[in-house]
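Residue numbers (the UniProt record's numbering), protein chains in the order written: chain A, 1 to 216; chain B, 1 to 216.
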């Protein structure tokens with residue numbers, strides 16, 4: 001009986017392991033539990049927390065229609081299931097909106113997020129450096145259709161933004177992602193925190209990936 | 001006694017009239033009471049309400065350091081005293097931050113604001129068109145030093161953001177404004193609302209300017 005249990009446990013663990021590896025492979029960023037606000041000196045963890053806890057931000061593209069001006073647009077996003085972020089922001093955008101059509105002409109983009117609407121800034125002004133803000137700059141890309149990553153994006157977005165499931169089918173909504181190339185994070189006085197994209201995506205933890213622990 | 005009162009009243013009215021004209025002249029946008037959420041079909045009033053009620057947004061510039069990418073940054077702003085907006089967003093920015101230094105090289109800019117953090121969107125998702133969003137596109141300019149407009153900007157910003165008064169003097173903070181050239185407003189289904197800059201700045205009201213009424 002004990003042996004049977006061990007074999008069963010091993011099978012489940014193997015499945016979970018390959019499932020997690022599969023997701024990692026398709027979404028790049030290491031999955032991470034990010035429900036608790038990290039210490040401000042842990043720039044990577046703080047950035048991941050900020051991205052994971054927010055549900056919306058401003059997505060910026062270059063607008064040819066407006067003389068090449070930077071055009072910001074309020075969008076919803078998700079980087080994963082609740083409290084299980086990948087660090088990579090996914091979007092559900094229609095080309096009826098300028099942002100998606102701008103990105104199809106010029107991929108340069110940034111996503112800007114504030115800690116202020118989370119309500120964790122105390123009495124600080126939204127522009128006070130102790131109220132964190134992050135700008136992820138990179139390329140705004142359409143997620144490959146019928147790929148594992150599209151499945152992941154759909155699940156990540158529709159879980160955090162349930163009404164998206166019912167948005168009009170004839171509006172040509174597509175899944176996009178921001179391929180991050182640069183990170184600008186301010187979460188305290190003294191200027192932006194040094195933080196590479198690799199540090200951000202692969203944030204180290206002292207324990208095994210928390211995702212595994214949920215299935216064992 | 002009645003005559004004296006009339007003369008006194010006339011003098012006060014004249015002073016108020018020229019005071020208001022003076023402000024109008026220096027800040028362009030007609031001052032407007034904007035505390036109550038207007039009907040969604042009144043695009044100009046809705047846009048002015050959205051700008052006046054918010055205290056922060058994302059200000060976008062072109063970043064030469066990031067290959068000409070659109071760079072959004074969380075900033076605080078004010079378009080006037082509380083419930084007395086001019087429609088023109090003013091900012092208090094330091095060139096230690098990329099946004100101000102970007103703008104000194106390339107003035108193209110936009111300010112993006114969401115209704116979502118105001119808490120008036122009900123259960124709508126932040127990307128749902130019934131949760132309003134506005135993008136003001138134009139030029140990000142330094143306000144002329146020692147001008148009436150600078151006085152106005154200081155008063156508008158420091159009233160809504162009191163801690164700004166104490167921000168470090170050696171950080172080279174300056175007053176900026178967005179000279180609006182285009183308005184993108186979504187506050188319901190059916191795409192952006194047609195709205196010219198002139199309609200936005202000069203929003204008509206059926207009564208005399210409310211500012212006068214406060215002094216009579």
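Idealized CB from N, CA, C, for every residue including glycine.
Classify residue 189 (chain A): buried if its beta carbon has 16 or more other beta carbons within 10 angstroms, exposed otherwise.
Residue 189 (chain A) should be labelled exposed.
Going along the chain, which residues of its own chain have a beta-carbon closer than 7 Å to the beta-carbon of residue 94 (chain A), five neighbours each way excluded?
100, 171, 172 and 173
Buried or exposed for residue 203 (chain B), going by 16 or more other Cβ atoms inside 10 Å?
buried
According to DSSP, which residues form a beta bridge with residue 173 (chain B)?
B:94
Inside the region 47-105 of chain B only - beta strand (DSSP E) runs reaching at least 3 residues
56-63, 69-76, 78-81 and 84-94
Using the Cβ count rule (16 or more neighbours within 10 Å means buried), how would you classify residue 149 (chain B)?
buried
Below 9 Å between beta carbons: does that hold for residue 89 (chain B) and residue 73 (chain B)?
no
Taking just the CA atoms, how far does residue 194 (chain B) sit from residue 82 (chain B)?
For residue 82 (chain B) and residue 194 (chain B), the distance between alpha carbons rounds to 27 Å.
Where DSSP assigns a beta bridge to residue 139 (chain B), which residues make up the other side?
B:108 and B:179
Taking contact to mean 3 or more Cβ pairs, one atom from each stretch, closer than 8 Å, check whether the region 107-116 of chain A and the region 44-60 of chain A are in contact.
yes
Between which two residues does the alpha helix (DSSP H) holding residue 160 (chain B) run?
148-160
For residue 201 (chain A), the first and last residue of its enclosing alpha helix (DSSP H):
197-201
Three-state secondary structure (DSSP) at residue 118 (chain A)?
Correct three-state label for residue 118 (chain A): helix.
Measure the alpha-carbon distance for residue 196 (chain B) versus residue 183 (chain B) and round it to whole angstroms.
Rounded to the nearest angstrom, the two C-alpha atoms are 7 Å apart.
Which same chain residues end up closer than 7 Å to residue 44 (chain A) when comparing Cβ atoms and leaving out the 5 residues on each side of it in sequence?
195, 199, 200 and 203
Are the C-beta atoms of residue 112 (chain A) and some chain B residue less than 9 Å apart?
yes
Residue of A:139, A:31, A:38 and A:122 minimising C-alpha distance to residue 69 (chain B):
A:139
Note down, in chain order, every chain B residue with its Cβ under 7 Å from the Cβ of residue 62 (chain A).
70
Sorted by chain position, which residues of the same chain lie with C-beta nearer than 7 Å to residue 141 (chain B)'s C-beta, five sequence neighbours on each side aside?
107, 176, 177 and 179
Using 10 angstroms around the beta-carbon of residue 133 (chain B), count the other beta-carbons present and answer buried if the total reaches 16, otherwise exposed.
With 16 or more Cβ atoms within 10 Å of its Cβ, residue 133 (chain B) is classed as buried.
Below 8 Å on the Cβ atoms is my contact criterion, and I expect residue 52 (chain B) with residue 85 (chain B) to pass it. Report the Cβ-Cβ distance as a whole number of Å.
3 Å
Residues of chain B with CB under 9 Å from residue 225 (chain A), in chain order?
Because chain A spans 1 through 216 in this model, residue 225 (chain A) falls outside it and cannot be assessed.
Below 8 Å on C-beta distance, what does residue 133 (chain B) contact in chain A?
73 and 74
Check whether chain B comes within 9 Å of residue 195 (chain A), counting only Cβ atoms and requiring the distance to be less than that.
no
Who are the neighbours of residue 108 (chain A) on chain B, taking C-beta pairs under 9 Å?
66, 67, 68, 69 and 70
So residue 126 (chain B) packs on residue 116 (chain B), CB below 8 Å; how close in whole Å?
4 Å
Identify the contact partners of residue 116 (chain B) in chain A, using a Cβ-Cβ distance below 8 Å as the criterion.
Within 8 Å Cβ-Cβ: 56, 74 and 117.
From residue 147 (chain B) to residue 153 (chain B), what distance separates their C-alpha atoms?
10 Å
For residue 35 (chain B) and residue 157 (chain B), I'd like the C-alpha separation in whole angstroms.
Distance from the CA atom of residue 35 (chain B) to the CA atom of residue 157 (chain B), rounded to whole angstroms, is 17 Å.
Residue 102 (chain A) and residue 63 (chain A) - do their beta-carbons sit closer together than 9 Å?
yes
Is it right to say residue 160 (chain A) is buried, meaning 16 or more other beta carbons lie within 10 angstroms of its own, or is it exposed?
buried
Alpha carbon to alpha carbon, how far is residue 136 (chain A) from residue 78 (chain A)?
14 Å
Taking Cβ-Cβ distances shorter than 7 Å, what residues in chain A pair up with residue 137 (chain B)?
66, 69 and 71
Does DSSP put residue 133 (chain A) in a helix, a strand or coil?
For residue 133 (chain A), the secondary structure class from DSSP, reduced to helix, strand or coil, is strand.
Contacts around residue 80 (chain A), its chain only, beta-carbon distance under 6 Å, and the 5 residues preceding and following it disregarded
Only 86 and 156 meet the Cβ criterion.
Residues in the same chain with beta-carbon distance under 7 Å from residue 37 (chain B), minus the five sequence neighbours each way, listed in chain order, please.
49 and 120
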